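One structure below.
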Ligand SMILES: Nc1ncnc2c1ncn2[C@@H]1O[C@H](COP(=O)(O)OP(=O)(O)O)[C@@H](O)[C@H]1O
Ligand SMILES: [Mg+2]
């Protein structure tokens, strides 16, 4: 089981994601460089990390979406590979059209770094299978543009297809004004997941307020991949 | 201008004559410009050097003291920490967002120039009265500038302080501190040597921004400053993130002789400082410098303060390696000259010499002044102010709420929520505690960092105020479970040519020096910012202390919040009748006067030792330094953070106001499990420090004698909502 | 031929504009009570070389907008072109 | 009378525009090699009610720009006004 963490110019959570995959989950992990279009099939899961790719200039994720590596990521995702985009990674997935919707600046117009409470809406994904729907996770956010937007039709579709994976627990917990308190969504096929909160920041009890709820997300991926491996007789 | 060419460059006539002497001829405009910036206060420290020599700079842990881009200390396991503080006051007064942002960018560059990966920033801020609209504009702009730059580059801003006082009305202070981590062998220096080695400029292209920035920072703010527009630089944190990665990668290759960031005085400062340190000369051609604008002359190229650039001297033959690494990160790298052996800075333009001067004379031979110093008249009257004539409050609940909602005491969450304080996943103790604590991945260790300074104390008693700043910073670090190691100082003062200001400066340094010696925390570097004055008056003398401490075991990181119902609350140290210069006088009576609290450094040291020993013994559940606002504020903060109440019985013959709000130093509030009381008492007895049992953690109200009885929820509301309400109405 | 291009990118009408709202509130706080419907978008200016006809140019600009400069999910764009004097 | 106002706010010429630079690089990466001098600024649109003359209006808009909408230290602004049909 092997993880790949993509580094774009301006990514700044790439090492944090690497740390969780390699040191906390103890899985083989590579850093993947943005300049090379390459065959990604050796990876079982790709992480698009947070940060400010290309300075977040113009729109978050807009320029990164055209990095050579993104062609490979799109192929990889279309072939069913697992992709998780965290914060800026989520924004890039939206710009790349791998997930529906778009990101606006936070309603407060301010960057916000704080723990938020999330409700697991769909526990039947490779990213949440260790949770139960209704579980409450405490995971920090850190972003200035996390105000998720999708039109009504699109929202109805997300709901109908159970693509909303995590929601901020309430209006009060919603740090950015996202429509329907959406914090994270997946594609219809369930193999691509994007979320604004940072699970890699709460995967070890020593950090911050001690929450390890982020670990559940990564552990879900590992569990999903192990099961899939067994089924394939690996 | 024709007959007084020195004035345009901020030099005096006698300085001009010195230059003529050095060169043996009249300088041309480019040369004069180079002397102007290098001999400015900002670059040469000409008015402060003599006094700064009195600071203790040596210690077991010091690997690099003052003189380089930043200090470096040893933290064991072949690891070292580089850290420094720097001011960006004047740019922030004019353009708060960009001023603060480029301040953060500058200090981060100083740290990775040393070969260290920046792991955290702190910001120490001072503003005028927060009810004033212009102050709000400055405050909001500065905070979002720090947030904009630090968040983007991915260095967490984990701590700092904000104080408000009319003394800073037109002259806010913006000091940023950065700390970085490295292996010993990666320590890089800003040295140019080895005849024939290439000199390269890497990073951003050069434009006309910030020309004369360095001499500008050394002038008093005037109405015209608002017109000095080109002096404002715009930062590009994205570019700096790339520069950071590329520079660290380059340093790791071992191909470098020296590396230096281009901060104040741009290419001039970096090249002549590097040459001077190496006892060498540098020859460079401004035509070869990659530029953003057309038609720039030599003067402009040499004095530009465009951000996100570095000067590097690789070993001969390694030019292509440098280019290759910078190309990987989409950055420029261009050879612009070479190291020579004649000690001269020789500037060419398309091969023709346009300026030539001894590097040493620019970098190190600025005149040094011993300024006149005089004790100010205001002091005696202020210090003899008798607060006991004030009426005691009718209602101590109300008094506590008023102090808690003073913006100086109130929660700074509104500020640090805008900072990414968790990126890099090392933040073990989050902002809002006494010091931030960071883990050092791959080890058991941790680092604690804090900044402190009470400008009001320094105004009313500079020597004690300076010493208290060090003591409080150390206390904050100790309360977090760390051993204080060393400091950096950000010295913000008014115009040093005024004898009263210079006296404040001398006295503050004296106090800082004494405290550093006594607490064993040497000064490894810092920054002097003079001329912080507006037409009305100078700012309070504000020597900000940035302290770094080491935890051998990160599991011992301690926070301020009460943890468990039933725990005992103890006070290490003793409350005295010391309301002078307190937040209480300010919040209730609008008074910023009186004799500041006294400081017994010997007692301070012992109190800190006992606290740390108890933490290391594993018996301390919470520790909180008792400072601004006094004992009851410390108790309230521990209640609020822990969402737990406390029942406190204070026995004393002090007046209730003093009992609750006195700001006596050398006090720490800790909470322990009942069964550990004896052990803590033993530790205290061994060091002969006062210790008293204050009460217990219990319920959901803070109750102190029959004076205070308030629900924690109400305390919390008052404390957290104060700043947002003031700003957002 | 060389051209100067000005592009305006605004959030679609139907989409709430937090920045516009904040500016409106800010203006009101300063006492401008007669201001409404504030929208904040982007204005880009750029030079384009070596395009023979205005038609070709418009095609290129439109493509650049669709692909990068605007996000068609939430934004609309308009642009003006102008020939530069050689 | 009611008015529609359009305001353009751009960084001053001499001031670094990192965003413009990034967009230019982004366009180049997409193969648009003939694009240069990209500048990114703000475009604001707003309605103003009850101002009698264009002169008065311009005075108000200028004041709003100086005080809030632009940062005169680093930005320049220009605007257009248009009377709205009642
Ligand atoms: N400007 C700031 N930036 C980041 N954190 C801050 C800032 N100001 C205050 N804080 C946080 O709030 C805590 C409390 O601040 P303060 O009341 O000044 O504490 P103390 O009196 O213990 O120094 C600080 O230790 C820090 O964690
Ligand atoms: Mg403190």
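Protein chains in written order, with the numbering used here: chain H, 1 to 234; chain U, 1 to 729; chain A, 1 to 86; chain W, 1 to 86. Think of the CB as a built atom: it goes at the ideal place given N, C-alpha and C, for glycine as much as any other residue. All values derive from a computational prediction rather than experimental measurement.
According to DSSP, is residue 233 of chain U helix, strand or coil? coil
Compile a chain-ordered list of the residues in the region 324-336 of chain U whose CB is closer than 7 angstroms to at least one CB of chain W. none
Going residue by residue through the region 53-132 of chain U, where are the continuous beta strand (DSSP E) segments of at least 3 residues, counting only ones entirely within it? Runs of the beta strand (DSSP E) inside the region 53-132 of chain U: 62-64, 71-76, 79-87, 117-127.
Enclosing beta strand (DSSP E) for residue 83 of chain H [first to last residue]: 82-86
Buried or exposed: which applies to residue 193 of chain H, given that a residue is buried once 16 or more other Cβ atoms fall within 10 Å of its Cβ? buried
Helix, strand or coil: how does DSSP classify residue 175 of chain U here? strand
May I have the straight-line CA-CA distance separating residue 78 of chain U from residue 154 of chain U, to the nearest angstrom? If I take the Cα positions, the gap works out to 25 angstroms.
Could you work out which residues of chain U lie near residue 206 of chain H, taking near to mean beta carbons separated by less than 7 angstroms? 428, 439, 554
Does the structure place the region 88-98 of chain H close enough to the region 57-70 of chain H that three or more beta carbon pairs sit under 8 angstroms? Look at the beta carbons and you see the region 57-70 of chain H touching the region 88-98 of chain H: at least three pairs across the two are nearer than 8 angstroms.
Touch check for the region 57-66 of chain A and the region 714-724 of chain U: three-plus C-beta pairs under 8 angstroms? With a cut-off of 8 angstroms, the region 714-724 of chain U and the region 57-66 of chain A do not count as touching, because too few Cβ pairs lie within range.
Anything in chain H within Cβ reach of residue 420 of chain U, meaning under 8 angstroms, just list it in chain order. 111, 113, 142
Return the residues of the region 2-19 of chain W that lie within a Cβ-Cβ distance of less than 8 angstroms from chain U, sorted by chain order. Going along the region 2-19 of chain W in chain order, one finds 11, 12, 14, 15, 16, 17, 18 with a Cβ nearer than 8 angstroms to chain U.
Looking at the structure shown, is residue 130 of chain H part of a helix, part of a strand, or coil, going by DSSP? coil
Residue 110 of chain U to residue 205 of chain U, Cα distance in whole Å? 19 angstroms
From this set, U:287, U:406, U:414, U:388, which residue's C-alpha is nearest residue 354 of chain U's C-alpha? Closest option to residue 354 of chain U, Cα to Cα, is U:287.
Looking at chain H, is there any beta carbon in it that lies within less than 8 angstroms of the beta carbon of residue 479 of chain U? no
With a CB to CB cut of under 7 angstroms and the five nearest residues on each side skipped, what residues in its chain are close to residue 517 of chain U? 56
Please say whether residue 476 of chain U and residue 420 of chain U have beta carbons closer to each other than 8 angstroms? no
Any heavy atom of ligand 3 closer than 7 angstroms to the CB of residue 8 of chain A? Because ligand 3 does not appear in the structure shown, any question about it cannot be addressed here, the ligands present being ligand 1 and ligand 2.
Pick from U:186, U:605, U:264 that is closest to residue 253 of chain U, judged by C-alpha positions: Closest option to residue 253 of chain U, Cα to Cα, is U:186.
So with CB distances below 9 angstroms, who are the chain H contacts of residue 423 of chain U? For residue 423 of chain U, the chain H residues whose Cβ falls inside 9 angstroms of its Cβ are 12, 13, 16, 50, 51, 113, 142, 198, 201, in order along the chain.
Does the beta-carbon of residue 72 of chain A have 16 or more other beta-carbons within 10 angstroms, so that it is buried, or is it exposed? exposed
Specify the secondary structure class of residue 36 of chain A as computed by DSSP and reduced to three states. strand
Residue 22 of chain W: contacting residues in chain H (beta-carbon distance under 8 angstroms): 54, 55, 57, 58, 63
Comparing alpha-carbon positions, which option in U:364, U:331, U:280 lies nearest residue 341 of chain U? U:280
Cβ of residue 623 of chain U within 8 angstroms of Cβ of residue 668 of chain U? yes
Whose Cβ in chain H lies nearer than 8 angstroms to the Cβ of residue 74 of chain A? 102, 104, 149
Can you round the beta-carbon distance between residue 532 of chain U and residue 89 of chain U to whole angstroms, since I take them to be within the 8 angstroms contact cut? Indeed, because the Cβ distance is near 6 angstroms, the residues count as touching under 8 angstroms.
Below 8 angstroms, how does it come out for the region 111-124 of chain H and the region 18-34 of chain U: are there three or more Cβ pairs, yes or no? no
State the DSSP-derived secondary structure class of residue 681 of chain U, mapped to helix, strand or coil. helix
Do the region 610-620 of chain U and the region 645-665 of chain U make contact, defined as three or more Cβ pairs closer than 8 angstroms? no
Looking at residue 101 of chain H and residue 146 of chain H, is the spacing between their C-beta atoms short of 8 angstroms? no
Cβ neighbour criterion (16 or more within 10 Å) applied to residue 16 of chain A: exposed
Rounded C-beta distance between residue 173 of chain U and residue 87 of chain U? I'm assuming under 8 angstroms. 7 angstroms
For residue 36 of chain H, the residue or residues it bridges with in DSSP: Its beta-bridge partners do not exist; DSSP assigns none.
How would you call residue 13 of chain W, buried or exposed, if buried means at least 16 neighbouring beta carbons within 10 angstroms? exposed
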